[in-house]
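Protein chains in written order, with this note's numbering: chain A, 2 to 187; chain B, 2 to 187.
No residue lacks a Cβ here, since even glycine has one placed at the ideal position from N, Cα and C.
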DNA sequence: GACAGTTCTGACCGATCGGTCAGTTATGCT
DNA sequence: AGCATAACTGACCGATCGGTCAGAACTGTC
């Protein structure tokens, strides 16, 4: 019944679907059955609401990436990363969808800058870990494709696949896709 | 020097980066060095500007999909589709990025409804052509991943890869990814 | 140079934006 | 019951939104 967490969820859904700039506090308030003033009572500003909505997902993403990049890029570490990444996507698909698509246009918002640093750090890691263009692109297609499939396809109104089945399929597909990419085991 | 086509390009870039609702006519006018009234002289409304910006890409997408779905799903037809899809992405990455990510939230805009019908038609085609969840997801990851890699990664400020190299790599990756999926040749 | 048509501007409209503030209602503790 | 605090509302603010309109500036043609 907590209004604050209701508002976070409602705001997240709005931000992800029509964008931060395209979302109005009034609309969020209407969906929550509250007044605009009540929204601003719980969150000091629209940006604070954004930070509350996507902050936890970014924390978790930072932890996952910190673990991954501090270890050698072995095949089993990569698999564990893919599993962790998939679990994170399943739990925070809207958040990821939001800062992947709108991150670059929302600079100077602190929580978004953290997200952009994350994505950039991930890209740089693949850049240093792989040499050829096609291998870099394999990572992009695997991670981007997984995020896309999970976040966007569902908005099409197709029948939802159970999470555990989705999880297994995504991990299989990403593993196949990255199989040709050399690891530091070689 | 045509202001109209300048405006189309500027508006497309804005729509793709901050969303349709997050873009103001004033900002488009400023970027074009014109007044807001001048923008509304060339395009009757914000929606008309959107239609002009993404309409051609949707036309081309419709043609590509029409060809593909009217033919049997053989391996070589699928390859030709992947090539055509990649070329379309390379030529219209901003448009595709825009209606993939914002299409579901912009219903009742005619040009967007056409785009949504397209994406839905593509999803239904894969739904009928493949049986297992993992195979459907392979299509999602392949097409979504390609679109993501092309449209979003570039906004990170990485060094751009030449288009022909990107094209070859994407087609290779998508072909690998879809290789396990049965075609009607079997 | 007069004229027509295209291109563009500035003033203006009602509506909505994010945000402030004073005051009201609901809640829980003693 | 009394009281502090949390939760919330409605009125209001300046700014900006998409869009209209009358007219100015530019263009080419005769």
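Residue 182 of chain B: contacting residues in chain A (beta-carbon distance under 9 angstroms): Position 181 of the second chain, counted from the start, is the residue given in the question as residue 182 of chain B. Result: empty, since nearest Cβ-Cβ is about 11 angstroms, beyond 9 angstroms.
Is there at least one Cβ from chain A nearer than 8 angstroms to residue 173 of chain B's Cβ? Stepping through the second chain from its first residue, residue 173 of chain B is reached at position 172. Chain A, which has a Cβ nearer than 8 angstroms to the Cβ of residue 173 of chain B, makes this yes.
Could you tell me whether the Cβ atoms of residue 112 of chain B and residue 55 of chain B are closer together than 8 angstroms? As a first step, residue 112 of chain B must be located in the second chain, where it is residue number 111. As a first step, residue 55 of chain B must be located in the second chain, where it is residue number 54. Yes.
DSSP state of residue 116 of chain A, grouped into three classes? Looking up residue 116 of chain A in the first chain gives position 115. Looking at residue 116 of chain A - three-state DSSP - the assignment turns out to be helix.
Environment of residue 149 of chain A [buried if 16+ CB atoms lie within 10 Å]: Against the first chain, residue 149 of chain A aligns to sequence position 148. Flag for residue 149 of chain A reads buried.
Among residues of its own chain, excluding the 5 on either side of residue 96 of chain B, which ones have a beta-carbon nearer than 6 angstroms to its beta-carbon? Within the second chain, the letter at position 95 stands for residue 96 of chain B. The residues are 55, 58.
Taking residue 141 of chain A as part of the alpha helix (DSSP H), name the residues at either end of that continuous run. Reading the first chain from its first residue, position 140 is the one you call residue 141 of chain A. From DSSP, the alpha helix (DSSP H) with residue 141 of chain A extends over 134-152.
Could you spell out the range, first to last residue, of the alpha helix (DSSP H) harbouring residue 10 of chain A? Here the question's residue 10 of chain A lines up with position 9 in the first chain. Taken as a continuous stretch (DSSP letters only), the alpha helix (DSSP H) holding residue 10 of chain A covers 4-19.
Going by DSSP in three states, residue 160 of chain B sits in which element: helix, strand or coil? The residue you call residue 160 of chain B lines up with position 159 of the second chain. Coil.
Consider the Cβ of residue 191 of chain A: report whether some Cβ of chain B lies at a distance smaller than 8 angstroms. With chain A covering 2 to 187 only, the question about residue 191 of chain A has no answer from this structure.
Under 8 angstroms by beta carbon: chain B residues contacting residue 154 of chain A: Your numbering for residue 154 of chain A matches position 153 in the first chain. Under the 8 angstroms cutoff, chain B gives 124, 141, 145.
According to DSSP, is residue 43 of chain B part of a helix, a strand, or is it coil? Counting from 1 along the second chain, the entry for residue 43 of chain B is found at position 42. The answer is helix: DSSP assigns residue 43 of chain B an H, G or I state.
Return the CA-CA distance between residue 22 of chain A and residue 23 of chain B, expressed in angstroms with no decimal places. Taking the first residue of the first chain as position 1, residue 22 of chain A is located at position 21. Taking the first residue of the second chain as position 1, residue 23 of chain B is located at position 22. Taking the straight line from one Cα to the other gives about 4 angstroms.
DSSP state of residue 131 of chain A mapped onto helix, strand, coil: On the first chain, position 130 is the one that residue 131 of chain A refers to. Looking at residue 131 of chain A - three-state DSSP - the assignment turns out to be coil, as it is neither helix nor strand.
Validate contact between the stretch 7-18 of chain A and the stretch 8-19 of chain B using beta carbons, cut 8 angstroms, 3 pairs: no
What is the rounded straight-line gap between the Cα of residue 147 of chain A and the Cα of residue 76 of chain B? Reading the first chain from its first residue, position 146 is the one you call residue 147 of chain A. Reading the second chain from its first residue, position 75 is the one you call residue 76 of chain B. Approximately 24 angstroms, taken between the alpha carbons.
If we count the other Cβ atoms within 10 Å of its Cβ and call it buried at 16 or more, is residue 2 of chain B buried or exposed? Against the second chain, residue 2 of chain B aligns to sequence position 1. With a pLDDT of 49 at residue 2 of chain B, under the threshold of 50, the modelled position of this residue cannot be trusted, and the question is left open.
Taking residue 166 of chain A as the query, report the chain B residues whose CB atoms sit under 9 angstroms from its CB, ordered along the chain. Position 165 of the first chain, counted from the start, is the residue given in the question as residue 166 of chain A. Simply 134, 135.
Would you check if there are 3 or more beta carbon pairs closer than 8 angstroms linking the stretch 80-89 of chain B to the stretch 170-181 of chain B? yes
If we ignore side chains and look at the alpha-carbon of each, how far apart do residue 50 of chain B and residue 30 of chain B end up? Numbered from its first residue, the second chain carries residue 50 of chain B at position 49. Numbered from its first residue, the second chain carries residue 30 of chain B at position 29. Residue 50 of chain B and residue 30 of chain B: Cα-Cα distance of roughly 12 angstroms.
Assumed close pair residue 104 of chain B, residue 116 of chain B - CB separation to whole angstroms, cut-off 8 angstroms: As a working note, residue 104 of chain B is residue 103 in the second chain. As a working note, residue 116 of chain B is residue 115 in the second chain. So it is a contact: roughly 5 angstroms between Cβ atoms.
Any beta carbon from chain B within less than 8 angstroms of residue 18 of chain A's own beta carbon? If you number the first chain from 1, residue 18 of chain A lands on position 17. Output row for residue 18 of chain A: interface = yes.
Pop quiz: residue 52 of chain A and residue 135 of chain B are said to be a contact at Cβ under 8 angstroms. What is the actual Cβ separation, rounded to whole angstroms? Position 51 of the first chain, counted from the start, is the residue given in the question as residue 52 of chain A. Position 134 of the second chain, counted from the start, is the residue given in the question as residue 135 of chain B. At roughly 37 angstroms, the Cβ-Cβ gap does not stay under 8 angstroms, so residue 52 of chain A and residue 135 of chain B are not in contact.
Just verifying my parser: in three-state terms, what is the DSSP assignment at residue 38 of chain B? Position 37 of the second chain, counting from 1, holds the residue named residue 38 of chain B. Reduced to three states, the DSSP call for residue 38 of chain B is helix.
Start and end of the alpha helix (DSSP H) containing residue 109 of chain A? In the first chain, residue 109 of chain A corresponds to position 108, counting from 1. Premise fails: residue 109 of chain A is in no alpha helix (DSSP H) and is neither H nor E.
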